[in-house]
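> Attaching a single structure in structure tokens format; questions to follow.
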Amino acid sequence: MIHYIYLMPTYKEDHTIPIIGIHGFRKGQIAGREEIIFNELHGKRLIEKPHKHDFFIIILFDQAQGTHNIDSIDYQIGNHQIHVLFPGQMHKWDIETGTTGYQLMIERSFFEQFAPYFRFSFTNYQNHPVIQLTDEAFQLLLYEFDAIKHELKNDRSLVHLISARAAVIAAIVSKEAEGTFTEFKVYQSNPRLAKFNTLIDEFFKEQKLVTFYAEQLHISPNYLNILCKKNLKVSATQLIQQRVCIEAKRMLQSTSLSIKEIAFELGFVDHAYFSNFFKTQTGITPSAFREIDKSHK
Numbered sequence: 318m319i320h321y322i323y324l325m326p327t328y329k330e331d332h333t334i335p336i337i338g339i340h341g342f343r344k345g346q347i348a349g350r351e352e353i354i355f356n357e358l359h360g361k362r363l364i365e366k367p368h369k370h371d372f373f374i375i376i377l378f379d380q381a382q383g384t385h386n387i388d389s390i391d392y393q394i395g396n397h398q399i400h401v402l403f404p405g406q407m408h409k410w411d412i413e414t415g416t417t418g419y420q421l422m423i424e425r426s427f428f429e430q431f432a433p434y435f436r437f438s439f440t441n442y443q444n445h446p447v448i449q450l451t452d453e454a455f456q457l458l459l460y461e462f463d464a465i466k467h468e469l470k471n472d473r474s475l476v477h478l479i480s481a482r483a484a485v486i487a488a489i490v491s492k493e494a495e496g497t498f499t500e501f502k503v504y505q506s507n508p509r510l511a512k513f514n515t516l517i518d519e520f521f522k523e524q525k526l527v528t529f530y531a532e533q534l535h536i537s538p539n540y541l542n543i544l545c546k547k548n549l550k551v552s553a554t555q556l557i558q559q560r561v562c563i564e565a566k567r568m569l570q571s572t573s574l575s576i577k578e579i580a581f582e583l584g585f586v587d588h589a590y591f592s593n594f595f596k597t598q599t600g601i602t603p604s605a606f607r608e609i610d611k612s613h614k
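Residue numbers for the sequence shown follow the numbering used here, so the first one is 318 and each next one is one higher.
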């Protein structure tokens, strides 16, 4: 099993994007303890302005309709889906009447206990936060959610048992993701590529050259490039650049840092180099991207 390092952003947050702690949900909790909360979603729910959490959320939808906007991308909510949100991701939603869902809200330190059972890089899940479930997987997850709820309601609840059930949930989610998204299958069948993706998550701000990652993997840069092109249809350099671009978009959307400060945070030598990089990747400048994002909020 590959163990992933979960790195939270170090940049300062823009408080125009509210950051909500787990304590804000304790008053209405159905069941919970310090490390984890179980809540249910029934009927219409509306969050008009995006916000972020400093904790991890897994949502299991049973019968459901609506739209869930995660990191400025709209996802249609449907029956038998799992939605995964990491700390720092922006979201809002418009959930329609008749919806039923179940939420686990998990403190970061507790999440780290079973995080390795999410078998792929966290970036993969952030890029694919909504997973359609088979009927069998939905029933298995529903059983585990219900078991956690009942354990949390027990006055003598066992944290290790809850953690074990959360690990089962993570394993099922990973299995379903692998069966749904091509890139998950590729990483599962190519451990070197999976490790490369993990290394990118850890070092993309400081290291943008393929040579560094190839050395960490004990292979040549040329062979790493061949692996990426054969299995992912992009070069190794493009994979690194995609990760940098994802982070750049998040920082432009959710912080008050200047373009120059963002460039520095992402390891660019100057503002102009970062702006040229961003425009090459997206077709627009960082400033234009930020203005468009503001106009949509």
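Even glycine gets a Cβ: it sits at the ideal position worked out from N, Cα and C.
1) If you reduce the DSSP assignment to three classes, tell me which class R482 lands in.
2) Report back the beta-carbon spacing between I486 and I375 to the nearest angstrom; my notes put them in contact at under 8 Å.
3) Based on the DSSP output, what are the partners of R362 in its beta bridges?
4) With H, G and I counted as helix, E and B as strand and the rest as coil, what does DSSP make of K546?
5) From A494 to F501, what does the alpha carbon distance come to, in whole angstroms?
6) CB of Y540 to nearest heavy atom of the ligand ATP: below 8 Å?
7) Which one of Q443, L541, H385, A483 has the shortest CA to CA distance from P622?
8) To which residues does DSSP link E357 through a beta bridge?
9) Closest by CA to H400, which one among I353, N514, T384?
10) Please say whether I394 and I412 have beta carbons closer to each other than 9 Å?
11) What span of residues does the beta strand (DSSP E) with I374 cover, start to end?
12) Check whether the Cβ atoms of C637 and A553 lie closer than 9 Å to each other.
13) In angstroms, rounded to a whole number, what distance separates the CA positions of E365 and N386?
14) How many Å lie between A589 and Q598 at the Cα?
15) Measure the Cβ-Cβ separation of P538 and V527 and say whether it is below 9 Å.
16) DSSP three-state call for L402: helix, strand or coil?
17) Could you pull out every unbroken alpha helix (DSSP H) segment of at least 4 residues lying fully inside the region 453–510, listed in chain order?
18) Starting from the C-beta of Y328, find all residues in its chain whose C-beta is less than 7 Å away, skip the five residues before and the five after it, and write them out in chain order.
19) Can you tell me where the beta strand (DSSP E) with N386 in it begins and where it stops?
20) What residue does the alpha helix (DSSP H) around I394 start on, and which one ends it?
In brief:
1) helix
2) 7 Å
3) I412
4) helix
5) 7 Å
6) Of the ligands one can find in the structure shown there are none, so the ligand ATP has no counterpart to examine.
7) What the structure shows of the chain is the stretch from 318 to 614, and residue 622 is not part of that stretch, so it cannot be assessed.
8) Y419
9) T384
10) yes
11) 373–378
12) One cannot answer for residue 637 here, as it falls past the ends of the chain, which runs 318 to 614.
13) 10 Å
14) 14 Å
15) yes
16) strand
17) 476–497, 499–506
18) With a pLDDT of 39 at Y328, under the threshold of 50, the modelled position of that residue is not reliable, and no figure is offered here.
19) 383–387
20) Careful: I394 lies outside any alpha helix (DSSP H), inside the beta strand (DSSP E) at 390–394.
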